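Here's the structure, in structure tokens; my notes come after.
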């Protein structure tokens, strides 16, 4: 009877993942300990799934998407009332969004147990910008732009990066500086890699109603950032935005 109850989640094994650090940057890795507590019946764990996940906006609301995944496929049996600890290292993909605004990122751990409700655990991550991203944010600040919002959006067409289902969009308002009164907003989308950061820049100009209706007030281009030189990045962004303003 205990096995029957465990199959529907009653007296099931439980899992608790402990992260060595919850603060990470895209491209880094984090060590984890996976603590498994046996339930009221013997159960076989076929695999342990570790997924880095986030929530993205769609036309119909929001959906959860995988950013990265690690599968530990060495099966084992957990006895009733017994404890087991497994260790692993999770790579935080470069495409992992930064947790600014309402953006959330977490590690979800799932025990794959046949004929049973799979036990799960969720641990949130504080994903900080990489040094190149921080340099871009600092450059925007020097140009008088204030951060307004950040959101992950589904990008099935691969407009910004091939092989990725979503992107993170950062929205800035021209609060001061040379673009105040000339630009409504600037939106940035990052495509990060180990050696460089591609920054897609969309400029929403202050234009007339006819231009807005025809979507001719928005222009998009991209620049490559391969250093953390804020002054150099500021000059490139200024020239790029000025060309569309």
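Numbering (my numbering), first residue to last: 4 to 248.
The beta carbon of each residue, even a glycine, is placed where N, CA and C say it ideally should be.
Source: prediction; values computed, not measured.
Within the DSSP secondary-structure output, residue 153 pairs in a beta bridge with 173. Comparing alpha carbon positions, the residue from 43, 146, 32 and 163 closest to residue 91 is 32. In the DSSP assignment, residue 239 falls within the unbroken alpha helix (DSSP H) covering 233-247. In this structure, residue 137 keeps its C-beta atom at 8 Å or more from the C-beta atom of residue 174. When beta bridges are read from the DSSP output, residue 195 appears opposite 200. Rounded to whole angstroms, the gap between the alpha carbons of residue 75 and residue 51 is 5 Å.
Secondary structure note for residue 145: its alpha helix (DSSP H) is the uninterrupted segment 134-145.
Taking a 10 Å sphere around the C-beta of residue 133, we find 16 or more other C-beta atoms and assign the residue as buried. Here residue 100 really is in contact with residue 108; their C-beta atoms are around 6 Å apart, less than 8 Å. Taking 8 Å as the cut-off, the Cβ atoms of residue 244 and residue 186 count as close. The Cβ atoms of residue 225 and residue 189 do not sit closer than 8 Å to each other.
Non-local beta-carbon contacts of residue 192 in its own chain, meaning distances under 6 Å to residues more than five positions away in sequence, involve 163, 170, 172 and 203 in chain order. Under the three-state reduction of DSSP, residue 180 is assigned to helix.
Proximity of the segment 111-125 to the segment 14-34 meets the contact definition, three or more beta-carbon pairs being nearer than 8 Å. Between residue 93 and residue 146, the C-beta gap is not smaller than 8 Å, which leaves the two residues out of contact. For residue 167, the CB contacts under 6 Å within the same chain, skipping 5 residues up- and downstream, are 98 in chain order. With respect to the 8 Å criterion, residue 228 and residue 130 are not classified as neighbours on the basis of their beta carbons. For the 8 Å CB-CB criterion, residue 67 and residue 56 form a contact. If you draw a 10 Å sphere on the C-beta of residue 119, you find 16 or more other C-beta atoms in it, and that means buried.
At a cut-off of 3 residues, the continuous stretches assigned as beta strand (DSSP E) that sit fully inside the segment 19-86 are 32-40, 46-61, 64-75 and 79-81.
Counting only the Cα atoms, residue 29 lies some 25 Å from residue 114. As DSSP reads the structure, residue 124 sits in a beta bridge with 112.
Counting of Cβ neighbours within 10 angstroms places residue 88 among the exposed residues, the total staying below 16.
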